[in-house]
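For the record, the sequence lines run as chains A and B. By the count of our numbering, the first sequence reaches residue 445 at its end, each step adding exactly one. By the count of our numbering, the second sequence reaches residue 445 at its end, each step adding exactly one. Note that the Cβ used here is the ideal one computed from N, Cα and C, for glycine as well. Notes to accompany the following structure.
Protein chains: 2
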Amino acid sequence: MWPIIMASFILVSQDSHFPLANIPFGTGFSTHNPNPRCVSRIGDFVVDLAALEAEGFFQELSNTHFFSNPTLNSFMSEDKALWRAYRSKIQALFAAENPLVRDNEQLKAKILIPISEFTNTLPVNIGDYTDFYASRNHAFNVGCMFRGPQNALQDNWLRLPVGYHGRSSSVVVSRHPVKRPRGQIKLLDSPDPVFSSCKKLDHEVEIGVFLGGKLNKLGEPINIAVASEHVFGLVLLNDWSARDIQSWEYVPLGPFTAKNFQTSISPWIITTLALEPFTTGLPAQDPVPLPYLREDPPTSFNITIETFIKTPSLSEPHKISTTNLQHLYWSIYQMLAHHSVSGCNMRPGDLLGTGTISGPTPDSLGCLLEMSTNGKTPVALPNGETRSFLNDGDELIIVGKAESENFTIGFGDVRGVILPALEDQYFHN
Amino acid sequence: MWPIIMASFILVSQDSHFPLANIPFGTGFSTHNPNPRCVSRIGDFVVDLAALEAEGFFQELSNTHFFSNPTLNSFMSEDKALWRAYRSKIQALFAAENPLVRDNEQLKAKILIPISEFTNTLPVNIGDYTDFYASRNHAFNVGCMFRGPQNALQDNWLRLPVGYHGRSSSVVVSRHPVKRPRGQIKLLDSPDPVFSSCKKLDHEVEIGVFLGGKLNKLGEPINIAVASEHVFGLVLLNDWSARDIQSWEYVPLGPFTAKNFQTSISPWIITTLALEPFTTGLPAQDPVPLPYLREDPPTSFNITIETFIKTPSLSEPHKISTTNLQHLYWSIYQMLAHHSVSGCNMRPGDLLGTGTISGPTPDSLGCLLEMSTNGKTPVALPNGETRSFLNDGDELIIVGKAESENFTIGFGDVRGVILPALEDQYFHN
Ligand SMILES: [Ca+2]
Ligand SMILES: [Ca+2]
Ligand SMILES: [Mg+2]
Ligand SMILES: [Mg+2]
Ligand code: NI
Numbered sequence: 017m018w019p020i021i022m023a024s025f026i027l028v029s030q031d032s033h034f035p036l037a038n039i040p041f042g043t044g045f046s047t048h049n050p051n052p053r054c055v056s057r058i059g060d061f062v063v064d065l066a067a068l069e070a071e072g073f074f075q076e077l078s079n080t081h082f083f084s085n086p087t088l089n090s091f092m093s094e095d096k097a098l099w100r101a102y103r104s105k106i107q108a109l110f111a112a113e114n115p116l117v118r119d120n121e122q123l124k125a126k127i128l129i130p131i132s133e134f135t136n137t138l139p140v141n142i143g144d145y146t147d148f149y150a151s152r153n154h155a156f157n158v159g160c161m162f163r164g165p166q167n168a169l170q171d172n173w174l175r176l177p178v179g180y181h182g183r184s185s186s187v188v189v190s191r192h193p194v195k196r197p198r199g200q201i202k203l204l205d206s207p208d209p210v211f212s213s214c215k216k217l218d219h220e221v222e223i224g225v226f227l228g229g230k231l232n233k234l235g236e237p238i239n240i241a242v243a244s245e246h247v248f249g250l251v252l253l254n255d256w257s258a259r260d261i262q263s264w265e266y267v268p269l270g271p272f273t274a275k276n277f278q279t280s281i282s283p284w285i286i287t288t289l290a291l292e293p294f295t296t297g298l299p300a301q302d303p304v305p306l307p308y309l310r311e312d313p314p315t316s317f318n319i320t321i322e323t324f325i326k327t328p329s330l331s332e333p334h335k336i337s338t339t340n341l342q343h344l345y346w347s348i349y350q351m352l353a354h355h356s357v358s359g360c361n362m363r364p365g366d367l368l369g370t371g372t373i374s375g376p377t378p379d380s381l382g383c384l385l386e387m388s389t390n391g392k393t394p395v396a397l398p399n400g401e402t403r404s405f406l407n408d409g410d411e412l413i414i415v416g417k418a419e420s421e422n423f424t425i426g427f428g429d430v431r432g433v434i435l436p437a438l439e440d441q442y443f444h445n
Numbered sequence: 017m018w019p020i021i022m023a024s025f026i027l028v029s030q031d032s033h034f035p036l037a038n039i040p041f042g043t044g045f046s047t048h049n050p051n052p053r054c055v056s057r058i059g060d061f062v063v064d065l066a067a068l069e070a071e072g073f074f075q076e077l078s079n080t081h082f083f084s085n086p087t088l089n090s091f092m093s094e095d096k097a098l099w100r101a102y103r104s105k106i107q108a109l110f111a112a113e114n115p116l117v118r119d120n121e122q123l124k125a126k127i128l129i130p131i132s133e134f135t136n137t138l139p140v141n142i143g144d145y146t147d148f149y150a151s152r153n154h155a156f157n158v159g160c161m162f163r164g165p166q167n168a169l170q171d172n173w174l175r176l177p178v179g180y181h182g183r184s185s186s187v188v189v190s191r192h193p194v195k196r197p198r199g200q201i202k203l204l205d206s207p208d209p210v211f212s213s214c215k216k217l218d219h220e221v222e223i224g225v226f227l228g229g230k231l232n233k234l235g236e237p238i239n240i241a242v243a244s245e246h247v248f249g250l251v252l253l254n255d256w257s258a259r260d261i262q263s264w265e266y267v268p269l270g271p272f273t274a275k276n277f278q279t280s281i282s283p284w285i286i287t288t289l290a291l292e293p294f295t296t297g298l299p300a301q302d303p304v305p306l307p308y309l310r311e312d313p314p315t316s317f318n319i320t321i322e323t324f325i326k327t328p329s330l331s332e333p334h335k336i337s338t339t340n341l342q343h344l345y346w347s348i349y350q351m352l353a354h355h356s357v358s359g360c361n362m363r364p365g366d367l368l369g370t371g372t373i374s375g376p377t378p379d380s381l382g383c384l385l386e387m388s389t390n391g392k393t394p395v396a397l398p399n400g401e402t403r404s405f406l407n408d409g410d411e412l413i414i415v416g417k418a419e420s421e422n423f424t425i426g427f428g429d430v431r432g433v434i435l436p437a438l439e440d441q442y443f444h445n
């Protein structure tokens, strides 16, 4: 089951997230070529897949030109067998023992771009984005704060992966700053809501799941037995959340302006093929789910996710949490089966968020709302500062990786700096 | 303010929805040309805008070829002044007194298609679809059934237009049949949910609002003073709803599989330019909304919306409701201002649903859930049948029009027949 650990002729440092065993997919442009196109990455070099394709290196696999597109949607629409073939081909081309590219300086100059000369773009045209709520610890902790411990976990929570539709237009790639949102807030000591900038700006640590392959037609659910064929790969996802706006608006139809102002993802899509060695199960589910959700055992991946905060006064980012995808109660394949159960058609490029991933301990929580108990227990930083929520100027950084003794499959990071809210007369009241 | 009532040389019957004063926009293909393209309609003729454009008739307005595209997104991305210019140009070309097209039989054969030889397609590539909940009567009636009269209208309802994100992939054009959805249902007399076909399949009468123009960047809200510049036009919308699935799943994050299986829209987008003569206000809002929602007075349109049911045993469709867009509490421009208040970027082609439009009387309700009081007061049909919800084989038809003494601006209709649920072993339990 474990892949042979191949070395590349490209130097890859021991702690790199992007060894030859990874082969992530992304998009972007370089200082010498401003056209966004599809790329991969090995160590600190970006591999220009569009250039490789133009040179004919993939002709044996397909006549379609996938990689000159500004997004990966066309490639993601193919099936898993083809994704696997392309991945193997790329690994073979850059293997240490293969002279074809290694010894061709002219070719290497065309297809390898130092990461410092490259800017990532949003890798996918996202048709629909859906956010789930699949961590039991998170649902319970937040439920306690919004509704009290009695009603924290709703009756349906253990029966189905609760999810809701999100906003696809405002999904951005890492490093896009976050303008502090404004909106309606209802303070406890006032009968009327006010218009205000958000005073409780939070992050949510999630994994994003990109769908691909030949997906279902409207009216035909996806059987859980084939759900894994329809996941192209994973990214880190930060579901920025305005808690004070959320608590006022979310009843009875769910979060809206508290979430739709921005969602950030990491730029490199890590394929489930690369993550295969890190496949794990999840604890048995009790009660046993209905047959359409039955996966034996539910599948997860051992992905460690660390969260850091860098305030303007801190000299370096400070770690505030370490969690793991395995802390979810529901699997990503159960999410997909449930999403489509009533016949909803899924499309290549659709994005599912897992929901905030909180572990069972205080150092494994997925958002500041939980860490600070909604402001009651602020997080202490090493320079004496505290944070209950995010301040202007703070940078929030989420890093993910799957590690074995021999190698690391990394996600890189997703990060964003908080900018002050807009100031304009019209909105004042 | 009222347009001069122009006559076309194309014969338009007195009761047609599509006189020269309308000029709706749609897409589709004809028996002689299978390429989907942009079109308009006068009486019972489809006007091939792509063919008119290819002949150079719009060259004085723009060099861009908008209408050979399979959707209207490119045209909708332009500003209202250009929409107005194109509309006037089309009206002038088909005016009774203009010989240019009228007396050119060869040209008419190229650009006019009998409606019987034409098939409408989904007119827009919808980036994101959002559904609101803006009828006070509907929110109160449904709130009573789901939560009791005490909690029927939540605290936030009179303060902001409650909305939630919907699923854009499953928005289809009229006449697409509806496969009865299946999913998790929790019956009152059982401790466990079951997997079942929906037993409470319902419709929701709504108006769909298509956005256009130069829209806002991420982080920059749309000022309500300019919101009307960003609405391209309106359609009829049926937000099919599985009430038994909904009542179990919707807490706390809103409807999901109960709604995402299908949403149907009428094929012709009626521009707000055509609806200008039917502009009305809405009753004063109490409490007065926050400044970012203040529109004085809130704008609506006098659009009558009738709902019909045709069961297999009925000889003709039977009217079950007559309502009006004016029955909404919140205006469509207030919805747009609220949607973007925290910085959510809107895109040309985005679709907003108003939410179910229920009037104050029993004959003006927007869904069967309300008409039948969740099954307690079934609707009687003229042949002795009754309906609390939709049966397999039933067709639900919604018709909309704005009428004055002199002319009608119609929407045509949105319709769909209910097909039996899928039967397959795998899902049985
Ligand atoms: Ca979330
Ligand atoms: Ca609705
Ligand atoms: Mg979220
Ligand atoms: Mg709806
Ligand atoms: Ni969407």
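### Message
What does the alpha-carbon distance come out to for the pair residue 24/B and residue 113/B?
### Response
Here residue 24/B is taken as the residue at index 8 of the second sequence, counted from 1. Here residue 113/B is taken as the residue at index 97 of the second sequence, counted from 1. Cα to Cα, residue 24/B sits roughly 8 angstroms from residue 113/B.
### Query
Near residue 429/B, which residues of its chain fall below 8 angstroms by C-beta distance, leaving aside the five closest residues on each side in sequence?
By 1-based counting over the second sequence, the position of residue 429/B is 413. Around residue 429/B: 190, 252, 282, 413, 414, 415 and 416.
### residue 371/B Cβ short of 8 angstroms to ligand 2 heavy atom set
Counted from its first residue, the second sequence places residue 371/B at position 355. Under cutoff, so the answer is yes.
### Message
Whole angstroms are fine: how far does the CA of residue 55/A sit from the CA of residue 35/A?
### Response
Walking along the first sequence from the start, residue 35/A turns up at place 19. Walking along the first sequence from the start, residue 55/A turns up at place 39. Approximately 15 angstroms between the Cα atoms of the pair.
### Task
Leaving aside the five residues before and after residue 399/A along the sequence, list all residues of the same chain whose C-beta is less than 7 angstroms from its C-beta, in chain order.
Residue numbering aside, residue 399/A sits at position 383 when the first sequence is read from its first letter. Closer than 7 angstroms at the Cβ level, and outside the excluded window around residue 399/A, lie 329 and 330.
#### Entry: chain A within 9 angstroms of residue 246/B, Cβ atoms only
Position 230 of the second sequence, counting from 1, holds the residue named residue 246/B. Not closer than 9 angstroms to any Cβ of chain A, the Cβ of residue 246/B fails to qualify, so no.
### Task
Tell me, please, which residues DSSP counts as bridged to residue 415/A.
Position 399 of the first sequence, counted from the start, is the residue given in the question as residue 415/A. 322/A and 429/A.
#### Entry: CA nearest to the CA of residue 395/B, picked from 360/B, 158/B and 378/B
Taking the second sequence and counting its residues from 1, one reaches residue 395/B at position 379. Residue 395/B has its Cα closest to that of 378/B, out of 360/B, 158/B and 378/B.
### Query
Helix or strand or just coil, what does DSSP make of residue 292/A?
Indexing the first sequence from 1 puts residue 292/A at position 276. DSSP places residue 292/A in helix when its eight states are reduced to three.
### Beta-carbon neighbours of residue 195/A, restricted to chain B and to distances below 7 angstroms
Locating residue 195/A in the first sequence gives position 179, counting from the first residue. Result: 235 and 359.
### Query
Looking at C-beta atoms only, is the number of pairs between the region 81-90 of chain B and the region 44-55 of chain B that lie closer than 8 angstroms three or more?
yes
### Near ligand 1: residue 265/A beta-carbon under 8 angstroms from a heavy atom
Position 249 of the first sequence, counted from the first residue, corresponds to residue 265/A. No, since every heavy atom of ligand 1 falls outside the 8 angstroms radius drawn around the Cβ of residue 265/A.
### residue 444/B at chain A interface by Cβ criterion, 9 angstroms
Along the second sequence, one-based indexing puts residue 444/B at 428. Annotation note: pLDDT 43 at residue 444/B (below 50); position unreliable, no value reported.
### Query
Would residue 273/A count as contacting chain B if we go by Cβ distances under 9 angstroms?
Residue mapping note: residue 273/A aligns to position 257 of the first sequence, counting from 1. True, the Cβ-Cβ gap to chain B drops below 9 angstroms.
### Query
To which residues of the same chain is residue 117/B closer than 7 angstroms at the C-beta, ignoring the five residues directly before and after it?
As a first step, residue 117/B is located in the second sequence; it is residue number 101 there, counting from the start. Taken in chain order, the residues that qualify are 109, 110, 123 and 124.
### Query
For residue 265/B, which residues from the same chain have a beta carbon less than 8 angstroms from its beta carbon, with the 5 sequence-adjacent residues on both sides left out?
Numbered from its first residue, the second sequence carries residue 265/B at position 249. Hits under 8 angstroms: 199, 200, 271, 272, 273 and 274.
### Query
If the cut is a Cβ gap below 9 angstroms, which residues of chain A does residue 154/B touch?
Locating residue 154/B in the second sequence gives position 138, where the first residue counts as 1. The contacting residues do not exist; residue 154/B stays about 13 angstroms from chain A at best.
### Query
Got a sec? Which residues, its chain only, sit under 6 angstroms from residue 197/A by beta carbon, not counting five neighbours each side?
Taking the first residue of the first sequence as 1, we reach residue 197/A at position 181. Cβ within range, chain order: 214, 258 and 277.
### Task
Quick one: which residues of the region 37-56 of chain A get their C-beta closer than 8 angstroms to a C-beta of chain B? List them in chain order.
none
### Query
Should residue 149/A be counted as a contact of ligand 1 given a C-beta to heavy atom distance under 8 angstroms?
Position 133 of the first sequence, counted from the start, is the residue given in the question as residue 149/A. Indeed, a heavy atom of ligand 1 lies less than 8 angstroms from the Cβ.
### Task
Could you say if the region 230-239 of chain A and the region 203-220 of chain A meet the contact criterion of at least three C-beta pairs nearer than 8 angstroms?
no
### Delimiting residues of the beta strand (DSSP E) encompassing residue 52/A
Translated into the one-based positions of the first sequence, residue 52/A becomes position 36. Unbroken beta strand (DSSP E) run through residue 52/A: 49-58.
### Query
What is the residue span of the beta strand (DSSP E) that residue 130/B lies within?
As a working mapping, residue 130/B is identified with position 114 in the second sequence. Its beta strand (DSSP E) spans residues 128-130.
### Distance cut-off 8 angstroms: residue 255/B Cβ against heavy atoms of ligand 2
Counting from 1 along the second sequence, the entry for residue 255/B is found at position 239. Within the cutoff, so yes.
### Message
Could you check whether the Cβ of residue 99/B sits closer than 9 angstroms to any Cβ belonging to chain A?
### Response
Start at 1 with the first residue of the second sequence, and residue 99/B comes out as number 83. No - not a single Cβ of chain A is within 9 angstroms of the one on residue 99/B.
### Query
Closest to residue 94/B by CA distance: which of 279/B, 241/B, 364/B and 133/B is it?
Position 78 of the second sequence, counted from the first residue, corresponds to residue 94/B. Comparing Cα positions, the closest option is 364/B.
#### Entry: Under 9 angstroms from the C-beta of residue 405/B: neighbouring residues of chain A
Locating residue 405/B in the second sequence gives position 389, where the first residue counts as 1. The premise fails here: residue 405/B is roughly 15 angstroms from chain A at the closest Cβ pair, so nothing lies under 9 angstroms.
### Task
Say whether the region 339-351 of chain B touches the region 143-158 of chain B, bearing in mind that this needs 3 or more beta-carbon pairs closer than 8 angstroms, one atom from each stretch.
yes
### Task
Along the beta strand (DSSP E) that carries residue 102/A, what are the first and last residues, could you check?
Residue mapping note: residue 102/A aligns to position 86 of the first sequence, counting from 1. Run containing residue 102/A: none in the beta strand (DSSP E); it sits in the alpha helix (DSSP H), 96-109.
### Query
Where does residue 301/A sit, in a helix, a strand or coil, going by DSSP?
By 1-based counting over the first sequence, the position of residue 301/A is 285. Residue 301/A: coil per DSSP, three-state reduction.
### Query
Any idea if residue 335/A is buried or exposed, counting beta-carbon neighbours within 10 angstroms, 16 or more meaning buried?
Residue mapping note: residue 335/A aligns to position 319 of the first sequence, counting from 1. So residue 335/A ends up on the exposed side.
### Task
Going by CA-CA distance only, name the one from 420/A, 187/A and 324/A that's closest to residue 397/A.
If you number the first sequence from 1, residue 397/A lands on position 381. Cα-wise, what sits closest to residue 397/A is 324/A.
### Task
Out of 371/B, 207/B, 256/B and 351/B, state which residue places its alpha-carbon closest to the alpha-carbon of residue 527/B.
It is not possible to answer for residue 527/B, since the shown part of chain B is limited to 17 through 445.
### Query
Would residue 214/A count as contacting chain B if we go by Cβ distances under 9 angstroms?
Sequence index remark: in the first sequence, residue 214/A carries index 198 (1-based). Taking Cβ atoms only, chain B reaches closer than 9 angstroms to residue 214/A, which makes this a yes.
#### Entry: Cβ contact (3+ pairs, closer than 8 angstroms) linking the region 176-188 of chain A and the region 129-144 of chain B
yes
### Task
Tell whether a beta-carbon distance below 9 angstroms holds between residue 319/B and residue 250/B.
Locating residue 319/B in the second sequence gives position 303, counting from the first residue. Locating residue 250/B in the second sequence gives position 234, counting from the first residue. Yes; because the gap between Cβ atoms is below 9 angstroms, this pair is in contact.
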